[in-house]
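Everything in the sequence shown is counted per my numbering, starting at 22 for the first residue and increasing by one. Glycine included, C-beta positions come from ideal geometry on N, C-alpha and C. As the structure is a computational prediction, the values presented were derived from the model and not from experiment. Here the structure is laid out as structure tokens; the discussion comes afterwards.
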Amino acid sequence: MNECVLIVDDDKAIVNAISILLEKEGYQTLKAYNGLEALALAAERSVQLIILDVMMPKLDGLSALMRIRERRNLPIIVLSAKSEESDKILGLSMGADDYVTKPFHAQELAARVRSQLRRYTTLGDAAAEARSGELVNGRLTYRPEDRVLLADGEEVHLTATEMGIFDLLMRNPGRIFPAEEIYRRVWGEEPLSAPENTVMVHIRHIRSKIELNPKEPEYIKVVWGIGYKMEKRQSRT
């Protein structure tokens with residue numbers, strides 16, 4: 022296990038505690054204490070996951086998150102003392118893959134790191150696990166073997182989490198997946214609470230990238246009270 026985790030928090034005690042925890046799990050760690058330091062390290066060093074606090078000096082965590090997302094699709098776990106559902110949705114909407122509230126249980130955080138890295142190494146930029154065939158659905162062309170998605174011939178960039186959800190739906194057109202099942206398959210763990218909002222935010226991100234009109238999606242459809250499905254569309258000639 023050689024994955025490197027960047028830990029960012031202005032509380033040095035928290036950074037050190039997480040670093041000790043993850044190094045015991047076999048990970049390498051880097052430390053930063055504000056958003057600007059995080060940006061510099063993420064650009065200069067080989068990092069596979071970032072744990073990012075929200076409230077920090079010089080550059081807050083959510084601003085740093087957006088700037089990192091402009092260049093990297095690596096998993097980012099937001100760490101925050103704000104526990105309201107609206108705060109969680111905001112963090113996920115801005116590109117976070119997961120949201121952990123303070124105070125947190127050490128083993129829960131370690132489990133979330135393992136889950137995110139597992140998905141990243143199989144579905145994200147870190148590896149190119151071979152998968153057979155090219156899938157075509159209307160305007161969308163998906164090559165699972167190299168995780169390339171095209172919409173009208175233009176490449177679409179998805180985060181690892183978004184790609185996990187898209188891969189699941191694209192491989193099973195017409196099948197309805199409840200939010201709980203999507204979470205279990207993509208996150209690789211049982212949801213600790215109702216996952217509907219978490220899944221919904223990532224579905225919204227995917228729609229914004231593949232749909233001509235995200236408010237009236239033609240591909241990823243919600244089946245109210247049940248879940249989500251990939252609608253079969255005819256290819257355009």
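Asked: Exposed unless 16 or more other CB atoms sit within 10 angstroms - verdict on P124; Found: exposed
Asked: Pairwise C-alpha distance: G56 and K253; Found: 43 Å
Asked: Beta-carbon contacts of E155 that lie in its chain and below 6 Å, excluding the five residues immediately before and after; Found: R164
Asked: Terminal residues of the beta strand (DSSP E) in which S101 lies; Found: 97-101
Asked: Paired residues, beta bridge with V244 - DSSP; Found: G248
Asked: Where Q4 falls: helix, strand or coil (DSSP); Found: Outside the shown range of the chain (22 to 258) lies residue 4, about which nothing can therefore be said.
Asked: Rounded straight-line distance, which links the Cα of Q128 to that of Y48; Found: 14 Å
Asked: Enclosing alpha helix (DSSP H) for K109 [first to last residue]; Found: 106-114
Asked: V222 to E46 span [Cα, whole Å]; Found: 30 Å
Asked: Start-to-end residues for the beta strand (DSSP E) that takes in R164; Found: 161-164
Asked: C-beta contact flag for Q69 and G159 at 8 Å; Found: no
Asked: Cβ neighbour criterion (16 or more within 10 Å) applied to P78; Found: exposed
Asked: DSSP-derived helix/strand/coil call for K33; Found: helix
Asked: Collapsed DSSP secondary structure at Q49 in the structure displayed; Found: strand
Asked: DSSP state of Y120 mapped onto helix, strand, coil; Found: strand
Asked: Given 8 Å, three or more beta-carbon pairs between the segment 202-214 and the segment 239-247; Found: no
Asked: Nearest-angstrom Cα separation, counted from T122 out to E105; Found: 9 Å
Asked: Cα-Cα separation between I41 and L190, rounded to whole angstroms; Found: 38 Å
Asked: Rounded C-alpha distance that separates A61 from T50; Found: 15 Å
Asked: Inter-residue Cα distance where the pair is R88 and G185; Found: 22 Å
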